[in-house]
Amino acid sequence: MRQGAAILTKEPTVRRDVVERLERRLRQTEATNRALTERLAALNAKSTPSVASNFSTQESPNENDCRNVISDEISFLSLNAGGERHFLGSTSGVLLAHLIRSATVEDDNSLAEQLNTQRPDAALGSRLSARPTQLLTSDKELPSCPPESVARNLHQAYFEHDHLCYPILDQSSAMASLDQIYAEPSALERNPYEAFVFYMIVAISTSSVQNLESQSLPDAKIYQKQAISGLNNILASGGLKALQAILLLCQHQLISSTHETSTSLWHMIGMAVRMCFEMGLHREETYKYRTNPNTPAGTDLGIRRRCFWCVLAMDRVVSITLGRPLAIHLEDVDLALPDCGNAQLSNGSQMDEMALPKEQFQTAVFVHITRYRILCGKIMVSLHRSRHSSNESLALAAQTELANELEEWRSKTNTLNLNSYSPYGPRPSSFLTFDWYELLYYNALLMLYRPSPALPLTSSRALVAVPIIYGAAKQTISLYSHLHSLRRLNYTWITLHSVFMAGLSFVYAAGGHFRAKKTSYDQRQEPAMLKADPSILEIVNVSRSCSNALVAVSERWNVPLYCHRVFDRLSDAVLKDAIDYHVSRGVATCPQPAPSPPLLDSLPPVVASSHFTMDGPTPNGWPIHDAGASPLLAVDNAFRDCFKDLQHFYESSFGEDPIGQLSQDWLGQIGGPPDIWSVNDR
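Residues 57 to 738 in the numbering used here are what the sequence shown spells out, letter by letter.
Given below as structure tokens:
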């Protein structure tokens with residue numbers, strides 16, 4: 057190489073993750089071809105017709121082959137529909153394929169045996185080809201029940217935490233089944249539904265405990281595998297039990313940290329929604345005439361009512377997070393929320409003077425959480441789904457009305473009397489802490505005031521919205537750090553998304569403030585955005601707390617592990633802008649106004665000095681830039697570098713999720729396409 061010659065580098069034309077997805081799909085296709093070849097050879101070798109034991113009737117080889125072909129086609133389409141840009145992740149469609157297969161009630165053991173004969177390198181290289189093998193493992197290979205004391209503790213943990221948010225089951229019936237299982241082990245074989253519920257409760261509770269702390273408990277996937285082994289019979293029976301089975305699977309995927317399950321969960325919730333509509337659970341008159349002779353009418357109808365609202369709550373959580381249309385519209389629902397008993401949430405004095413029975417208290421908590429989910433759905437429909445609405449006054453009126461409704465919901469949190477209610481021991485669930493509801497409130501504020509198609513930041517509401525976004529993001533990050541320090545944080549992919557969204561909103565608002573400062577100086581206008589300049593210490597503390605929370609959640613979840621690195625790049629860049637601004641104003645050596653101390657103590661991040669090279673200061677607060685230098689701030693340049701990662705936070709996202717929308721608005725402010733909301737992902 058010649059001395060003094062310029063070194064030219066070229067960015068790769070194809071992103072590394074795209075290449076990895078192509079390689080992974082190639083391995084999956086090869087494994088599928090091998091499995092189909094082996095199946096074809098096995099079918100050709102058959103000389104006698106198969107017998108369908110489930111229907112006690114003999115079928116011809118052509119009928120059996122037709123079922124196998126249809127089942128295989130369903131599996132293939134559910135796993136591969138849409139091509140490269142619509143790849144749905146490693147587990148999408150596998151459970152969906154098995155649910156559809158259950159309608160034909162066929163025996164999949166032959167497929168499991170053939171998949172098990174695949175080469176080890178192919179099985180390791182293809183998570184999709186390995187997953188069906190795990191789901192179809194025979195009962196003989198599965199472990200026995202956990203010790204009775206462990207099972208009882210896990211059941212108690214489930215009903216004191218997970219059951220509060222999604223009361224899918226009747227607690228007394230589940231505990232009675234637990235007693236019967238350990239009194240008579242053969243009950244697991246006689247009652248497939250009770251066995252499924254037992255193993256799913258153990259799996260869900262084990263996942264929650266393992267996410268919070270390390271304990272010597274078996275892997276939750278083992279119990280989930282045991283439960284799924286008997287799923288076909290439950291789904292084939294239909295009705296309420298089939299709906300509860302799907303909801304338990306959805307509940308497990310909501311807290312699963314082994315892999316990214318967002319897309320398969322979205323499909324499962326969609327199936328649950330249609331089952332609810334088919335059963336008429338969304339109509340009030342259904343509960344007036346429907347009775348079940350095998351169970352008390354009140355209990356059965358109460359479970360049906362709660363199951364529908366659980367489906368709606370799950371739909372709101374997953375659809376809003378992924379940026380997808382809501383599956384249940386309130387215009388189609390005339391069902392009342394579950395009855396909380398004699399106590400009314402609107403009367404706080406009554407709640408303070410008396411202690412509710414445990415069941416009524418649990419119902420009150422569930423109703424309050426569900427009302428929040430309904431409110432979030434209204435925010436999304438009114439502001440973030442109005443693509444063709446150009447009436448800013450109507451959008452502002454809707455925003456004001458929703459803000460008032462949110463404040464009313466927040467005031468009713470005090471009526472739950474969370475602090476004085478203590479039947480759950482010294483360490484209650486996070487759903488019974490006031491901080492968690494404050495966290496929901498500030499998350500809703502971010503959703504309400506962040507840029508949207510109806511109210512982009514260029515509207516007249518920007519001067520009101522940015523300070524609210526900045527303050528809500530700070531409070532959200534502090535609360536996440538506080539709950540993490542108390543080990544009450546729910547370490548799920550939903551939480552990871554919320555923490556990252558709060559951090560991105562903080563950087564977005566701080567960067568927008570410094571950009572407005574620079575613009576106001578250049579155009580000799582009054583500065584806008586925040587009332588006070590964010591201090592260097594404030595940015596360091598908030599960024600550190602957010603990064604720690606991201607690491608704590610992402611280390612329990614395999615995808616995406618890079619999110620905290622993306623946030624660190626953005627926070628370092630906005631910190632550089634803050635240092636440039638304060639140093640150029642001559643206040644870097646003055647005492648900075650210290651914000652409230654961070655709730656999560658940790659060492660400050662080590663920031664390389666090379667990140668903060670500053671130009672000469674000016675008396676008005678901004679460094680002098682060279683004529684050929686970019687007018688953008690450091691955080692804007694860092695954002696452009698991270699834009700593709702932000703647009704594809706999930707493999708199945710297309711820029712419609714909250715992170716994608718906020719990043720699109722940011723790009724529009726620094727020179728993106730003029731009609732940023734109508735730009736399709738290419």
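The beta-carbon is built from N, C-alpha and C at its ideal position, and this holds for glycine as well.
_As a quick exercise: from Gln416, Asp388, Met436, pick the residue whose alpha carbon is nearest that of serine 508._
Met436
| said: Tell me which residue opens and which closes the alpha helix (DSSP H) that valine 596 is part of. | reply: 592-610
(Q) Please classify phenylalanine 14 as buried or exposed, where buried requires at least 16 other C-beta atoms within 10 Å of its C-beta. (A) Since the displayed the chain opens at 57 and closes at 738, residue 14 lies outside it and no answer follows.
- Task: Determine the closest residue to phenylalanine 422 out of Val74, Ile359, Leu450, with distance taken between C-alpha atoms.
- Result: Ile359
Query raised in the report: Thinking C-beta only, is leucine 586 closer than 8 angstroms to tyrosine 526?
Result: yes
Exercise. Within its chain, find whatever has a CB closer than 6 angstroms to the CB of proline 223; leave out the 5 residues flanking it on each side and keep chain order.
Key: Arg362, Phe422
Exercise for the section: Decide yes or no for the touch test of the stretch 499-508 against the stretch 425-436: beta carbon pairs closer than 8 angstroms, at least 3 of them. Expected result: yes
Residue nearest to tryptophan 549 in terms of C-alpha spacing, selected from Thr377, Glu250, Phe364, Thr93
Thr377
Exercise. Pull up the distance between the alpha-carbon of tyrosine 279 and that of methionine 256, whole angstroms please.
Key: 7 angstroms
Let me know the alpha helix (DSSP H) ranges lying completely inside the stretch 212-295, each 4 residues or longer, listed in chain order.
218-221, 227-239, 243-246, 248-268, 276-284, 287-293
So tyrosine 428 is in the alpha helix (DSSP H); what residue range does that whole segment cover? 414-435
Review point. Around the Cβ of leucine 535, are there at least 16 other Cβ atoms within 10 angstroms (buried) or fewer (exposed)?
Key: buried
Work out the CA separation of phenylalanine 699 and aspartate 721 for me, nearest whole Å. 11 angstroms
**Study point:** Bounding residues of the alpha helix (DSSP H) (the contiguous stretch that carries arginine 625)
**Key:** 619-640
Per-residue DSSP class, three states only, for proline 714: helix
- Query: What separation, rounded to the nearest whole angstrom, lies between the Cα atoms of alanine 276 and alanine 259?
  - Reply: 5 angstroms
My assumption, with CB atoms under 8 angstroms, is that leucine 220 sits in contact with glutamine 418. Please give the rounded CB distance.
6 angstroms
Problem set entry | Option in Arg441, Ser449, Arg544, Arg427 with minimal Cα separation from serine 467 | Arg427
Inter-stretch contact (C-beta, 8 angstroms, three-pair minimum) for the stretch 320-337 and the stretch 278-293
no
### DSSP three-state assignment for asparagine 546, whether helix, strand or coil
coil
Tell whether a beta-carbon distance below 8 angstroms holds between serine 263 and serine 312. yes
For this session: Consult DSSP for arginine 379 and reduce its assignment to one of helix, strand or coil.
Result: The question names arginine, yet the displayed sequence has glycine at residue 379. Looking at glycine 379 - three-state DSSP - the assignment turns out to be coil, as it is neither helix nor strand.
Element boundaries [alpha helix (DSSP H), containing arginine 330]
318-335
For aspartate 697 and serine 375, the rounded distance between their alpha carbons
28 angstroms
Next on the checklist: If I measure Cβ to Cβ from glutamate 245 and keep anything under 8 angstroms in the same chain, skipping five residues before and after, which residues do I get?
Outcome noted: Ala251
Review point. Is the beta carbon of methionine 324 less than 8 angstroms from the beta carbon of isoleucine 290?
Key: no
* To do: Assuming glycine 294 and proline 248 form a contact by the criterion Cβ under 8 angstroms, report the distance between their Cβ atoms to the nearest whole angstrom.
  => With a Cβ gap of about 14 angstroms, glycine 294 and proline 248 do not count as contacting.
Between Leu210, Phe364, Val329, which has its C-alpha nearest tyrosine 343's C-alpha?
Phe364
According to the neighbour-count rule (16 or more other Cβ atoms, all chains shown, within 10 Å of its Cβ), is asparagine 546 buried or exposed? buried
Taking isoleucine 384 as the reference, give the member of Lys297, Gln236, Leu368 with the closest Cα.
Leu368
| field | Same chain, Cβ closer than 6 angstroms to phenylalanine 215, five either side skipped, listed in chain order | value | Gln227
| task | Indicate the three-state DSSP secondary structure (helix, strand or coil) for alanine 588 in the structure shown. | result | coil
Q. Would you report the Cα separation of phenylalanine 21 and leucine 495, rounded to the nearest angstrom?
A. One cannot answer for residue 21 here, as it falls past the ends of the chain, which runs 57 to 738.
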